[in-house]
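*Asks:*
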């Protein structure tokens with residue numbers, strides 16, 4: 001949670017303006033309220049998703065492509081439930097009846113969040129299983145992200161930056177194909193017995 005919070009905040013601050021600049025000028029400058037809500041909500045969530053993807057895959061071995069869309073609806077509810085929680089805590093010592101009303105309202109909001117989360121998670125292939133990346137791959141990912149988000153220092157740097165990012169990707173792929181693979185045996189307790197998954201050095205899976 002520490003990693004996700006700080007990385008998400010940093011990448012939103014650095015990545016949101018960059019993502020917004022990639023939009024057509026008409027969309028990027030629109031002042032219509034629903035267009036702003038849709039644009040800013042998607043871009044902020046997408047920036048956070050891109051920044052935290054290595055941590056999520058390394059920890060949970062999966063990533064959700066529906067998260068930016070789900071956050072459009074869940075984000076405002078998170079703000080609402082936090083506000084109601086604070087109001088409950090502040091009014092409880094003064095008047096329990098009001099605090100109880102805030103708390104009951106908050107329960108409805110939380111039930112709505114759980115319902116929405118369940119519906120989005122039930123979308124086919126909402127969670128994509130991904131093998132945990134190596135530390136080198138994570139370092140390469142964030143290096144590329146830094147290269148793409150770093151403000152241009154001049155026309156030369158602007159031309160060199162994509163080439164550097166491409167070179168890092170090629171090096172990571174080369175390292176992945178040329179690294180020796182150990183024999184891996186994973187034993188899973190499935191309740192009724194054991195499930196054994198074997199990955200041979202040649203890549204064959206049993």
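Residue numbers (the working numbering): 1 to 206. C-beta atoms are modelled at their ideal positions from N, C-alpha and C, and glycine is treated no differently. Note that the structure is predicted; figures quoted are calculated from it, not measured.
If you follow the beta strand (DSSP E) that residue 63 is part of, which residue opens it and which one closes it?
*Replies:* In the chain shown, the residue the question calls residue 63 occupies position 63. Looking at the DSSP string, the run of the beta strand (DSSP E) that includes residue 63 is 62-64.
*Asks:* Closer than 7 Å by C-beta to residue 63: which residues in its own chain qualify, once you throw out the five before and the five after it? Chain order, please.
*Replies:* The count along the chain shown starts at 1 and reaches residue 63 at position 63. Here the set comprises 53, 56, 57, 128 and 130.
*Asks:* What do you reckon, are the CB atoms on residue 125 and residue 70 nearer than 9 Å?
*Replies:* Residue numbering aside, residue 125 sits at position 125 when the chain shown is read from its first letter. Residue numbering aside, residue 70 sits at position 70 when the chain shown is read from its first letter. Cβ atoms of residue 125 and residue 70: not closer than 9 Å.
*Asks:* Can you look up residue 104 in the DSSP assignment and give me helix, strand or coil?
*Replies:* Within the chain shown, numbered from 1, the residue matching residue 104 stands at position 104. Here residue 104 sits in helix by DSSP.
*Asks:* Just checking, does the region 8-19 make contact with the region 140-150 on the three C-beta pairs under 8 Å criterion?
*Replies:* yes
*Asks:* Helix, strand or coil: which one does DSSP assign to residue 197?
*Replies:* As a first step, residue 197 is located in the chain shown; it is residue number 197 there, counting from the start. Looking at residue 197 - three-state DSSP - the assignment turns out to be strand.
*Asks:* Compare the Cα-Cα distances from residue 199 to each of 192, 188, 82 and 182 and report the closest residue.
*Replies:* As a first step, residue 199 must be located in the chain shown, where it is residue number 199. Ranking 192, 188, 82 and 182 by Cα distance to residue 199 puts 182 first.
*Asks:* If we ignore side chains and look at the alpha-carbon of each, how far apart do residue 109 and residue 33 end up?
*Replies:* Taking the chain shown and counting its residues from 1, the one referred to as residue 109 is at position 109. Taking the chain shown and counting its residues from 1, the one referred to as residue 33 is at position 33. Distance between the alpha carbons of residue 109 and residue 33: 23 Å.
*Asks:* If you follow the beta strand (DSSP E) that residue 187 is in, where does it begin and where does it stop?
*Replies:* Taking the first residue of the chain shown as 1, we reach residue 187 at position 187. Element bounds for residue 187: 184-189.
*Asks:* Taking only three categories from DSSP, how would you classify residue 205?
*Replies:* Here residue 205 refers to the residue found at position 205 of the chain shown. In the three-state DSSP reduction, residue 205 falls in the strand class (E or B).
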